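Visitor: This is the structure I want to talk about, given as structure tokens.
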Amino acid sequence: MLRCPGCDSETPDLAYCVRCGTTLGSADTRAKRTARREFAAAPRERTWAPHVASTLFPQLSDADMTHFTILLALMMAVVVGLAIGGLYPLALTVATAVLPILMVLYLYSIDIYEREPVRVVAFTMLWGLIVGVGLGLWLHNVGVPFGPRGLNQLSHSDVLVRVVAVPLAGAALVTLGLVPLLRYKRFNDVLDGTTFGAASAITAVCTQTIVQPWSLLFAGFRPPGPTRTWVVQLVEIGVLVPLIWAGALGAVGAALWLRFRAPVRDRGALGLVGSPAFAMVGAAVVLVAAYVGWQELSLVAGLVWTAFVAAVAVIVLRMAIHVGLIEEADEIEIGPDVLCANCHRDTPLHTFCARCGVALKALPKARRARSDGGEQTGAGA
């Protein structure tokens, strides 16, 4: 045993601290108390690096995360290919379906709903679907056009609806759907609230995007518009805008769980971001700012702005996930050796694998159950 320089607690003398995941080095390195900079769900990544796959799918092993990353890249390549080929309505449909489909597959594979799939899905993915349909019909019925950029091309009422009213209403409704889940004692981790918020937000914004231009889907395979504009806009609405919504409302979910479900000592772990009021105001500001820049700036400048806001949102979401994975590590006693489902080597049973550094809680529940020899609780159990 030795004292970890990151959390100042005793941990086995192996590659990583089993309590906080800090990389353990030489005696000189251990003497310097430094906070863990590696992302808890992916030790080879920094928390402040905007990696998409490990942020949206933090509870996957390295191999599964690679598969999801490849699948995401392939599906977006299909979207770009369809847009270049002029099949814009089909490309729009695929673009808005990519992340919701991957999120459903992810939630199913990790069994986050723990034997209550119907009730909890109704408050996350299904609730996001309902919110998205409502927002999309609102935009469609008031006649706000889907394509043109430039606030000067819209009336004042259209500007207020597109860049202010719809994002704020969407954020409020998604947050409202999270509140009933707070009473479930089994969903007591910050990671649960973060996942619920991000999944519901992605479903809502993608559904809104496909419902709003409903008439476009029946305008033929080649509606008017330059290919370059369509390709850029499809990348924005297929990946960047959903990431912004996931980061903003995932942070709101994290703040709610941190305030009402986490131990009192952990409530300051995210600073101001961990305050529900600040998180909600921050989410509103981020969403409105993203839509204003996206609508007002030129094609390339709007893409750069949206990518920047998406990167910030992803980093905030990673911070919440990181806190969720380590919030209760200090209270857990170090247990007997178990088989890590990520690196397939023996590690003392605790929060992090002492061999590869991955958070054991970040692995699917079914795999964790098989590792510690308990009853399998996965989707197939």
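Add 128 to a position in the sequence shown, counting from 1, and you land on the number used in the numbering used here.
Where a beta carbon is used, it is the ideal one built from N, C-alpha and C, also for glycine.
Source: prediction; values computed, not measured.
1. Which one or two residues does DSSP pair with L130 in a beta bridge?
2. Tell me whether F251 sits in a helix, a strand or coil according to DSSP, three-state version.
3. Is it buried or exposed, E364, if we count other Cβ atoms within 10 angstroms and call 16 or more buried?
4. Tell me where the alpha helix (DSSP H) around D192 begins and ends.
5. Just curious, the beta strand (DSSP E) that T151 is in, first and last residue?
6. Less than 6 Å between C-beta atoms, sequence neighbours within five positions excluded: which residues of the same chain meet that for A382?
7. Our contact map puts V380 next to A397 with C-beta atoms below 8 Å; I'd like the distance itself, whole angstroms only.
8. Quick check on this structure: which residue in G378, A326 and R311 has the alpha carbon closest to the alpha carbon of F388?
9. How should R356 be labelled, buried or exposed, when 16 other C-beta atoms within 10 angstroms of its C-beta is the threshold for buried?
10. Measuring CA to CA, which of L235, T335 and A376 is closest to L296?
11. With DSSP collapsed to three states, give me the class of F315.
12. Contact between the stretch 192-206 and the stretch 298-305: three or more CB pairs below 8 Å?
13. If I measure Cβ to Cβ from V185 and keep anything under 7 Å in the same chain, skipping five residues before and after, which residues do I get?
14. Which of helix, strand or coil does DSSP assign to K160?
15. Grouping DSSP H, G and I as helix and E and B as strand, with all else coil, what is F406?
16. So F436 and V146 are in contact, right, with Cβ under 8 Å, and what is the actual spacing, rounded?
17. Could you check whether G378 and A329 sit closer than 8 Å to each other, using their CB atoms as the reference points?
18. So is L220 buried or exposed if we call it buried at 16+ other beta carbons inside 10 Å?
19. Using a Cβ-Cβ cutoff of less than 6 Å, which residues in the same chain neighbour T183 once the five nearest sequence positions on both sides are dropped?
20. Among A429, V369, W385 and V416, which one has its Cα closest to the Cα of L306?
21. On the three-state DSSP scale, how would you describe E461?
22. Distance check for L200 and C334, CA to CA, integer angstroms please.
23. Hey, out of D190, V369 and R483, whose CA is closest to W422's CA?
24. Measuring CB to CB, does V359 end up less than 8 Å from A191?
25. Nearest-angstrom Cα distance between Y144 and I198?
26. Does L130 pass the burial test, meaning 16 or more other C-beta atoms within 10 Å, or should it be called exposed?
27. By Cβ distance below 6 Å, which residues in the same chain neighbour G256 in space, the five residues on each side in sequence not counted?
28. Provide the residue span of the alpha helix (DSSP H) that contains T175, from first to last.
29. Going by beta carbon distance, what residues of the same chain come within less than 6 Å of I338, once the five residues before and after it are set aside?
30. When we look at the beta-carbon of V432 and count the other beta-carbons within 10 Å, is it buried (16 or more) or exposed?
31. So if DSSP puts T475 in a beta bridge, which residue, or which two residues, is it bridged to?
32. DSSP puts Y144 in a beta bridge; with which residues?
33. By DSSP, does F185 sit in helix, in strand, or in coil?
Guide: Result, derived from the coordinates:
1. Taking the first residue of the sequence shown as 1, we reach residue 130 at position 2. Paired residue(s): T139.
2. Here residue 251 refers to the residue found at position 123 of the sequence shown. In this structure, F251 counts as helix in the three-state DSSP scheme.
3. In the sequence shown, residue 364 corresponds to position 236, counting from 1. Buried: at least 16 other Cβ atoms inside 10 Å.
4. Mapped onto the sequence shown, residue 192 falls at position 64. Element bounds for D192: D190 to I212.
5. Within the sequence shown, numbered from 1, the residue matching residue 151 stands at position 23. Unbroken run through T151: none, as it is neither H nor E.
6. Your numbering for residue 382 matches position 254 in the sequence shown. Closer than 6 Å at the Cβ level, and outside the excluded window around A382, lie V318, G321, T322 and A448.
7. Residue numbering aside, residue 380 sits at position 252 when the sequence shown is read from its first letter. Residue numbering aside, residue 397 sits at position 269 when the sequence shown is read from its first letter. At roughly 16 Å, the Cβ-Cβ gap does not stay under 8 Å, so V380 and A397 are not in contact.
8. The residue you call residue 388 lines up with position 260 of the sequence shown. Selected option, being the one with the closest Cα: R311.
9. By 1-based counting over the sequence shown, the position of residue 356 is 228. That one is exposed.
10. For the purposes of this step, residue 296 is identified with residue 168 of the sequence shown, where counting begins at 1. Nearest of L235, T335 and A376 to L296, Cα basis: A376.
11. Within the sequence shown, numbered from 1, the residue matching residue 315 stands at position 187. Residue state, collapsed to three classes: coil.
12. no
13. Stepping through the sequence shown from its first residue, residue 185 is reached at position 57. The sequence given here has Phe at residue 185, not Val. If we look at F185 and ignore the five residues flanking it on each side, its Cβ neighbours are M193, F196 and Y234.
14. To locate residue 160, count along the sequence shown from 1; it is residue 32. Unreliable placement is indicated for K160, whose pLDDT of 46 sits below 50; the coordinate value is still reported in the next sentence. The answer is coil: DSSP assigns K160 none of H, G, I, E or B.
15. Taking the sequence shown and counting its residues from 1, the one referred to as residue 406 is at position 278. The answer is helix: DSSP assigns F406 an H, G or I state.
16. Your numbering for residue 436 matches position 308 in the sequence shown. Your numbering for residue 146 matches position 18 in the sequence shown. Wrong, their Cβ atoms sit about 37 Å apart, outside the cutoff.
17. On the sequence shown, residue 329 is found 201 positions in, with the first residue counted as 1. On the sequence shown, residue 378 is found 250 positions in, with the first residue counted as 1. Yes, the Cβ-Cβ distance between A329 and G378 is below 8 Å.
18. Here residue 220 refers to the residue found at position 92 when the sequence shown is read from its first residue. Classification for L220: buried.
19. Here the question's residue 183 lines up with position 55 in the sequence shown. Same-chain partners within the cutoff: V442, L445 and R446.
20. Residue mapping note: residue 306 aligns to position 178 of the sequence shown, counting from 1. Considering only alpha carbons, the answer is W385.
21. Taking the sequence shown and counting its residues from 1, the one referred to as residue 461 is at position 333. Looking at E461 - three-state DSSP - the assignment turns out to be coil, as it is neither helix nor strand.
22. Reading the sequence shown from its first residue, position 206 is the one you call residue 334. Reading the sequence shown from its first residue, position 72 is the one you call residue 200. If you take the alpha carbons of C334 and L200, they lie about 15 Å apart.
23. Within the sequence shown, the letter at position 294 stands for residue 422. With distances taken between Cα atoms, W422 lies closest to V369.
24. Stepping through the sequence shown from its first residue, residue 359 is reached at position 231. Stepping through the sequence shown from its first residue, residue 191 is reached at position 63. For V359 and A191, no; Cβs fall outside 8 Å.
25. Position 16 of the sequence shown, counted from the start, is the residue given in the question as residue 144. Position 70 of the sequence shown, counted from the start, is the residue given in the question as residue 198. The alpha-carbon atoms of Y144 and I198 are separated by roughly 28 Å.
26. Numbered from 1 along the sequence shown, position 2 holds the residue referred to as residue 130. By the neighbour-count rule (16 or more Cβ atoms within 10 Å), L130 is not buried but exposed.
27. Taking the first residue of the sequence shown as 1, we reach residue 256 at position 128. S328, T331 and A332.
28. For this step, residue 175 is matched to residue 47 along the sequence shown. It is not in any alpha helix (DSSP H) - T175 carries neither H nor E in the DSSP assignment.
29. Translated into positions along the sequence shown, residue 338 becomes position 210. Contacts found: T224.
30. Residue mapping note: residue 432 aligns to position 304 of the sequence shown, counting from 1. Exposed, since its Cβ has fewer than 16 Cβ neighbours within 10 Å.
31. Your numbering for residue 475 matches position 347 in the sequence shown. Partner(s): V466.
32. Sequence index remark: in the sequence shown, residue 144 carries index 16 (1-based). Y144 pairs with T151.
33. Here the question's residue 185 lines up with position 57 in the sequence shown. In this structure, F185 counts as coil in the three-state DSSP scheme.
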